[in-house]
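Undergrad:
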Amino acid sequence: MQANNLYDIKWVLTQIEQVSQFSQDNAGITRLAFTPADHQARNYIISLMQASGLTVHIDAIGNIIGRFLPEGIDTDSSPAVATGSHLDTVPSGGKYDGVLGIVCGLAAINRLKSCSDIRHPLEVIVFAAKESSRFNLPTIGSKAMAGLVTAATLNAIKDQDGIALSAELAAIGFQTKQISTANRSKNSIKDFVELHIEQGQVLEQGRIRIGIVDKVSAPTRLKIIVLGTAGHSGVAPIEERQDALVSAAMIILAIRNIAAEYEYQGAVATVTILKTYPGTINVIPGKVEMWVDIRGTEHESIIEILQEIKDAVSSIADDYNTPIAIEVLSSEKPVLLDDTINQIMEAACCKLKQTSVRLDSRVGHDAMNIAHIAPAGVVLIPCKDGISYNACKEVAPDDIAAGLDVLTEILYQLAK
0 MQANNLYDIK
10 WVLTQIEQVS
20 QFSQDNAGIT
30 RLAFTPADHQ
40 ARNYIISLMQ
50 ASGLTVHIDA
60 IGNIIGRFLP
70 EGIDTDSSPA
80 VATGSHLDTV
90 PSGGKYDGVL
100 GIVCGLAAIN
110 RLKSCSDIRH
120 PLEVIVFAAK
130 ESSRFNLPTI
140 GSKAMAGLVT
150 AATLNAIKDQ
160 DGIALSAELA
170 AIGFQTKQIS
180 TANRSKNSIK
190 DFVELHIEQG
200 QVLEQGRIRI
210 GIVDKVSAPT
220 RLKIIVLGTA
230 GHSGVAPIEE
240 RQDALVSAAM
250 IILAIRNIAA
260 EYEYQGAVAT
270 VTILKTYPGT
280 INVIPGKVEM
290 WVDIRGTEHE
300 SIIEILQEIK
310 DAVSSIADDY
320 NTPIAIEVLS
330 SEKPVLLDDT
340 INQIMEAACC
350 KLKQTSVRLD
360 SRVGHDAMNI
370 AHIAPAGVVL
380 IPCKDGISYN
390 ACKEVAPDDI
400 AAGLDVLTEI
410 LYQLAK
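FYI, numbering that gives the first Met the number 0 numbers position 364 of the sequence shown as 363, with every residue one higher than the one before it.
The following block contains the structure:
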């Protein structure tokens with residue numbers, strides 16, 4: 000492979016730094032899906048794609064597809080070898096999450112453009128609305144591309160300010176009823192590979208450069224509503240209170256204990272949001288809303304955790320005389336990635352003399368949805384202290400360079 004190495008680590012770091020400037024605030028990187036900061040970042044990546052000579056298409060959910068067509072290849076009949084990730088972030092997140100995979104993907108394609116033996120189109124995809132921070136549904140863009148979400152579901156989605164996802168799509172020229180046009184057929188993508196930071200400590204602690212993901216965990220999300228009786232905090236006797244927040248506190252502890260029992264099985268559960276009503280300093284909380292995130296690489300463990308949470312909640316409701324309701328907001332199954340691609344990844348690491356290890360990912364990736372329509376893989380590189388979704392997140396340039404080289408080699412082997 001005679002690749003164009005002008006797109007080196009310096010170029011990648013420069014572009015990551017540039018994208019990090021598009022943020023809603025200065026406390027880390029906040030770039031929620033379809034906000035002005037997200038649009039700025041998207042437009043910047045589009046400009047990089049166009050400057051690289053890629054054909055750019057935006058589908059009905061807002062996914063951006065940059066496509067390079069090698070000379071002599073039929074654009075209509077040849078399935079693409081694709082890579083990519085996401086630009087949106089959690090509040091006060093880091094600058095590498097998602098962006099790494101897009102910028103390195105674009106660099107890898109630019110490196111490969113000069114290779115005469117590429118036999119498939121190359122694509123870098125920016126998936127819309129990967130994070131659930133705004134609309135409480137993860138990986139919306141890749142779900143739409145894989146045909147895993149309906150217009151009815153999208154029409155029902157609103158953010159915490161009551162802004163509908165459908166309204167945000169309309170603002171960029173699309174309607175949810177067009178969502179089926181974002182679907183990709185199973186013969187349109189030959190292979191998909193996503194480069195991402197690990198968001199854990201397996202690689203760093205093992206002093207290993209590259210992680211090759213066998214299985215991606217999936218989230219089950221709950222909303223729990225605890226009903227008590229509001230009252231003056233200085234008058235009501237303690238033993239007679241129906242304090243919704245006390246019950247909620249017991250639920251939080253119960254969920255933590257349940258999660259600790261299942262962690263060895265690769266499953267966890269976390270209470271992530273808590274809202275109390277009426278929310279004043281001198282009133283006993285009469286209502287609490289809480290949101291729970293359950294994740295695991297084994298679906299059976301997720302089901303067991305959910306049942307244990309239901310049992311614990313029922314007991315707490317009786318003990319504290321506070322009716323409690325549980326709503327399952329979403330439930331997804333873990334996804335096994337393609338072993339053939341993983342073997343190619345291992346061979347690429349061996350060729351480039353990079354250490355590697357197979358592991359499961361306890362966080363979701365867009366690749367898990369694309370795996371429903373094409374062979375898919377995920378390449379991970381270390382992040383310092385395993386910190387993720389945090390402004391303090393750091394990734395070593397040498398690890399990024401290794402990830403870029405490995406991704407380039409993998410795409411080359413898949414596309415030649």
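We treat Cβ as the ideally placed atom computed from N, Cα and C, and that holds for glycine.
Computed from a predicted structure; not experimentally measured.
In whole angstroms, what is the alpha-carbon distance linking K222 and H371?
TA: 28 Å
Undergrad: In whole angstroms, what separates the C-alpha of P78 from that of Q412?
TA: In this structure, the alpha-carbon of P78 lies about 15 Å from that of Q412.
Undergrad: Should H364 be labelled buried (16 or more other beta-carbon atoms within 10 Å of its own) or exposed?
TA: The residue in question, H364, is buried, as its Cβ has 16 or more Cβ neighbours within 10 Å.
Undergrad: Of all the options P90, Q241 and V212, which has the alpha carbon lying nearest to the alpha carbon of N341?
TA: V212
Undergrad: Reducing DSSP to helix, strand and coil, say where E288 ends up.
TA: strand
Undergrad: When the distance is taken between beta carbons, is V98 closer than 8 Å to I209?
TA: No.
Undergrad: In angstroms, rounded to a whole number, what distance separates the CA positions of T88 and I44?
TA: 15 Å
Undergrad: Which partner residues does P218 have in the DSSP bridge list?
TA: R294
Undergrad: Straight-line CA distance for I139 to C103?
TA: One C-alpha to the other measures close to 22 Å.
Undergrad: Does DSSP classify V282 as helix, strand or coil?
TA: strand
Undergrad: Under a three-way DSSP split, which group does Q180 fall into?
TA: A quick correction: the sequence has Thr, not Gln, at residue 180. Helix, per DSSP.
Undergrad: Using CA atoms only, rank isn't needed, just tell me which of E193, E70, F173 and S165 is closest to F126.
TA: The candidate whose alpha carbon is nearest that of F126 is E193.
Undergrad: Got a sec, what are the start and stop residues for the alpha helix (DSSP H) G100 sits in?
TA: Start and end: V98 to L111.
Undergrad: Compute the Euclidean distance between the alpha carbons of P218 and R294, then round it to the nearest angstrom.
TA: 5 Å
Undergrad: Nearest CA to the CA of K189: which residue from I369, L406 and T269?
TA: I369
Undergrad: Can you give me the Cβ contacts of R133 inside the same chain, cut-off strictly under 6 Å, excluding the 5 residues immediately before and after it?
TA: Around R133: L31, A32 and D158.
Undergrad: According to DSSP, simplified to helix, strand and coil, what is L406?
TA: Here L406 sits in helix by DSSP.
Undergrad: Contact check, R361 vs G205 under 8 Å by CB: the rounded distance?
TA: Between G205 and R361 the Cβ distance is about 16 Å, and since that is not below 8 Å, they are no contact.
Undergrad: When you compare each of Q49, E299 and G27 to E122 by their alpha carbons, which one comes out closest?
TA: Q49
Undergrad: Cα-Cα, which of L406, E408, P396 and A401 is closest to T488?
TA: Outside the modelled stretch of the chain, which goes from 0 to 415, sits residue 488, for which no answer is possible.
Undergrad: Could you check what DSSP says for L121 in three-state terms: helix, strand or coil?
TA: strand
Undergrad: Keeping to the same chain, check which residues put their C-beta closer than 8 Å to that of I315; ignore five residues upstream and five downstream.
TA: S246, M249, I250, A253, T321 and I323
Undergrad: For the alpha helix (DSSP H) containing A375, name the first residue and the last one.
TA: It is not in any alpha helix (DSSP H) - A375 instead sits in the beta strand (DSSP E) that spans A375 to I380.
Undergrad: Kindly identify the DSSP beta-bridge partner or partners of T275.
TA: Among the bridge pairs identified by DSSP, T275 is matched with V287.
Undergrad: Report yes if the C-beta distance between A181 and A143 is below 8 Å; otherwise report no.
TA: Contact: yes.
Undergrad: Considering only residues of the segment 323-365, which uninterrupted alpha helix (DSSP H) runs meet the minimum length of 4 residues and lie entirely inside it, listed in chain order?
TA: DSSP runs (the alpha helix (DSSP H)) wholly in the segment 323-365: 338-350.
Undergrad: With H, G and I counted as helix, E and B as strand and the rest as coil, what does DSSP make of L305?
TA: L305 sits in a helix when the DSSP states are folded into three classes.
Undergrad: Any idea what DSSP makes of E193, helix, strand or coil?
TA: Here E193 carries a strand assignment [DSSP, helix/strand/coil].
Undergrad: Quick one: grab the DSSP three-state call for T82.
TA: strand
Undergrad: Indicate the three-state DSSP secondary structure (helix, strand or coil) for I139 in the structure shown.
TA: helix
Undergrad: Is the beta carbon of M344 sitting closer than 8 Å to the one on V215?
TA: no
Undergrad: With F67 and P137 assumed to form a contact (beta carbons below 8 Å), what rounded beta-carbon distance in angstroms separates them?
TA: About 29 Å; that fails the 8 Å criterion.
Undergrad: List the whole-angstrom C-beta distance separating I28 from S19, where the pair is believed to meet the contact cut-off of C-beta under 8 Å.
TA: 6 Å
Undergrad: Could you check where the beta strand (DSSP E) with I63 kicks off and where it finishes?
TA: I63 to F67
Undergrad: Helix, strand or coil: how does DSSP classify I72 here?
TA: coil
Undergrad: Does the segment 276-292 touch the segment 223-243, meaning 3 or more C-beta pairs lie closer than 8 Å?
TA: yes
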